[in-house]
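**Q** To start, I am sharing the structure in question, which I have written as structure tokens.
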């Protein structure tokens, strides 16, 4: 039961050019979300950092940005 305490609720993606967010980008996003769900064994929300920063829900925005931490990064 190692995933029971895994505290990943949101995965913040780096910024991307929103003007390029066409069907391919949406399919990539859905594919990444499905792959991550398979890895951690539960539902995840996959969102960009910019989407969180622009959120009108200030309490959600503040909580996510203040508690976000890098688990794995690749240049």
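Residue numbers (the numbering used here): 46 to 120.
Ideal Cβ placement from N, Cα and C applies to all residues, glycine included.
Closest by CA to residue 94, which one among 84, 86, 105, 85?
**A** Cα-wise, what sits closest to residue 94 is 105.
**Q** Tell me which residues share the same chain as residue 100 and place their Cβ nearer than 8 angstroms to its Cβ, disregarding the 5 neighbours each side in the sequence.
**A** Hits under 8 angstroms: 106.
**Q** Residue range of the alpha helix (DSSP H) that residue 106 falls in?
**A** Its alpha helix (DSSP H) spans residues 103-112.
**Q** In terms of residues, what are the limits of the beta strand (DSSP E) holding residue 115?
**A** Note, residue 115: premise wrong, no beta strand (DSSP E); not H, not E.
**Q** For residue 97, which residues of its own chain have a beta-carbon under 7 angstroms away from its beta-carbon, when the five flanking residues on both sides are left out?
**A** Only 57, 106, 109, 110 meet the Cβ criterion.
**Q** Buried or exposed: which applies to residue 85, given that a residue is buried once 16 or more other Cβ atoms fall within 10 Å of its Cβ?
**A** That one is exposed.
**Q** Helix, strand or coil: which one does DSSP assign to residue 92?
**A** Residue 92: strand per DSSP, three-state reduction.
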